[in-house]
Structure formats: structure tokens, C-alpha cells
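Per the numbering used here, the very first residue in the sequence shown carries number 4; after that it's consecutive.
From the three backbone atoms N, C-alpha and C, an ideal C-beta is built for every residue, glycine too.
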Amino acid sequence: MLLQTYIPQTPLSGFVDLFWYLEGYNPSHSKELTLPDGSIELVINLREDKIKLYDRENKDQLRTYGSSVICGPHTDFFIIDTSVETTVMGIHFKPGGIYPFLKMPVNELHNIHVSLDTLWGAKADELREMLLLSKTVDDKFRTLEESLIKLASRPLILHPAVSFVLNEFLSLPFKRPLSDVVGQIGLSQRRFIQLFKEEVGLSPKLFSRLRRFQEVLKRIDHAKSVNWLDVAIACGYYDQMHFIKDFQAFSSLNPTDYFSRQGRHHNHIAIHD
Numbered sequence: 004m005l006l007q008t009y010i011p012q013t014p015l016s017g018f019v020d021l022f023w024y025l026e027g028y029n030p031s032h033s034k035e036l037t038l039p040d041g042s043i044e045l046v047i048n049l050r051e052d053k054i055k056l057y058d059r060e061n062k063d064q065l066r067t068y069g070s071s072v073i074c075g076p077h078t079d080f081f082i083i084d085t086s087v088e089t090t091v092m093g094i095h096f097k098p099g100g101i102y103p104f105l106k107m108p109v110n111e112l113h114n115i116h117v118s119l120d121t122l123w124g125a126k127a128d129e130l131r132e133m134l135l136l137s138k139t140v141d142d143k144f145r146t147l148e149e150s151l152i153k154l155a156s157r158p159l160i161l162h163p164a165v166s167f168v169l170n171e172f173l174s175l176p177f178k179r180p181l182s183d184v185v186g187q188i189g190l191s192q193r194r195f196i197q198l199f200k201e202e203v204g205l206s207p208k209l210f211s212r213l214r215r216f217q218e219v220l221k222r223i224d225h226a227k228s229v230n231w232l233d234v235a236i237a238c239g240y241y242d243q244m245h246f247i248k249d250f251q252a253f254s255s256l257n258p259t260d261y262f263s264r265q266g267r268h269h270n271h272i273a274i275h276d
């Protein structure tokens, strides 16, 4: 299996965490539970002309999308079909990072996947064709970087209040009450929540909960054993019951079950039929 990543240059580096390329991923399982982190992913299938996801309620029912999809900001888990994603590449956007590349509020993508041509029209297929013609992985990254900056439909900036609060959340995701942070921005709470939803896709409160959940996953990643009460307290949960409730809401698993099934990445859990 080949996995390569690339961090784009400025100004894209302010909006994109990384580009990634995955080839030769052929796991024994065909289904993978993907946990939410509140971010947005653009996925381009370079082997097949479709991307498939399983229905959350009926895990045997598939939904088929085009060869490129936008995975909106999720607070629910979803299930991918690994069998058609053997050669894929994508963009992992920073929170709020996709906003300049859309002509719509980001919260309209909450908990959904959308074929890229729905948002970018013919430019989506043109981008995939250019990537297929690029010979090396480095060439593909360069093509993606040059193309993405041309696809911006707004200035490459976020509202200053949104940028400030994101920086606070990402540096101290569970150390400060939301009200303390919002109190520093000079906007009414209602106006700020509206702005945050439009640019990030989630309410500030929900985004903060997700960052705390993700902090838990990172702390226990590849650990040999876990004291769940210590982890819960360290990540700002009031008690273990509150922690377990949040964990199950975002993952559909209890913490112990999740820990016993950890795989290649803390947000991906194999589902064996």
C-alpha cells in the first residue's frame, strides 16, 4: 500500500491541512466505519468512476455517487465501501477551509455527501481528467494545488470572528467555556452562530463537542491500556456517563468496544461481515 501526503503552499495552506494519495489499499473487509471529526474531505476516485457508501440504517444497502465527492462536515458516522477505493486521492480541508470554494453556506452540507459535479459542474470532471493524465504522485499534487486555487469562488479569507474562535477551539478545545470565547468577539451570540455555521458548517457548540471527542481518540490511539475515567476528565468531561453518551452518539460504539477494534487510523473501524 502506498500513502503519500503533501501540504500545499500559501495561501492554500491556510485552508487545507493536506492533500493525500492512497494506492493499493485492499483490506480483507469491504466496509469501514468512518467517524466524524467536523472537517470536510474532497475524495477523487482514480480507479473507478464511482464512490459507494452504505446506508447507516441498512448496512447492506449501497448509495452510489460520482467519481468525486465532497464529504460534508459530519457529526454522524458513515460507512464506506473499501472495494472501489483502491486508488484515491483527496483534500483534507481545515475547519472552515472549504468555504471560499463554495457558492453556498457550508452548513447545507452537514451530514451529507455530494457528487463534486453538483457543486463545481464540468470543472469537477476536468480536474479528475487532469489528475489521471499526471504521471507521478508529485505531479498529481501539483495539478491539484494549481487547480484548487483557480476554483475559489470567494476571497481566501474567513470572517475574523470565525478565525479567532477556531484558533481558540483548536488550541484549547476543552479548556475554556464557549461563552468565554464568544464573549471576546464583539458580535451577538445569534449573529456569531449564524456566521460559524455558514463558514464551518456546524454550530460552535457542536464543533467543540466533536473536537473533544477527537481529542479522546488521539489520546488512546495505539495505547496498550486505557483508564477511561482519567481520559474523560483530562478531555473536559464532567463525568464518565457524559463521556460515554457523547462517545456513543458520535461513533455508535461504546469506548471499550472501539478500543478493541482500532485499526489503521483512529477514525476508521473495520466492519467484518
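Could you have a look at Ile10 and say whether DSSP puts it in helix, strand or coil? coil
If you drop the 5 nearest sequence neighbours on each side, which residues of the same chain put their C-beta closer than 7 Å to that of Arg50? Thr89, Thr90
Short check: CB of Ile82 to CB of Glu111, under 9 Å? no
State the start and end residues of the unbroken alpha helix (DSSP H) segment that holds Phe246. First-last of the alpha helix (DSSP H) with Phe246: 243-254.
As assigned by DSSP and simplified to three states, the class of Asp128: Note: Asp128 maps to helix in three-state DSSP.
How big is the Cα-Cα spacing for Asn48 and Met92? 7 Å
Residues in its own chain within less than 7 Å of Val165 by CB, not counting five upstream and five downstream? Gly99, Leu198, Phe199, Glu202, Val203
What is the DSSP secondary structure of Asp233, counted as helix, strand or coil? helix
Rounded separation between Leu169 and Ile188 - CA only: So the alpha carbons of these two residues sit roughly 12 Å apart.
Out of Arg59, Asp276, Gly69, Glu44, which has the shortest C-alpha to C-alpha gap to Phe104? Glu44
Within the segment 25-71, note down every full beta strand (DSSP E) run reaching 3 residues or more, in order along the chain. Correct list: 34-37, 43-48, 54-57, 65-68.
In chain order, what residues of the same chain lie with their CB nearer than 6 Å to the CB of Phe22, ignoring the 5 residues before and after it? Beyond the five residues adjoining it in sequence on each side, Phe22 comes within less than 6 Å, by CB distance, of Tyr9, Ile94, Phe144, Leu147 in the same chain, given in chain order.
Cβ-based burial, Ser191 [other Cβ within 10 Å; buried from 16]: exposed
Just to check my reading of the structure: Leu119 and Val185 have Cβ atoms closer than 8 Å, yes? What is that Cβ distance to the nearest angstrom? Leu119 to Val185, Cβ: 34 Å. No contact.
On the DSSP bridge list, what partners appear for Met92? Tyr24, Ile47
Output the distance between the C-alpha atoms of Asn29 and Thr67, rounded to the nearest integer angstrom. 20 Å
For Ile160, which option in Ile101, Leu135, Lys153, Ile247 has the closest C-alpha, if you only look at C-alpha atoms? Ile101
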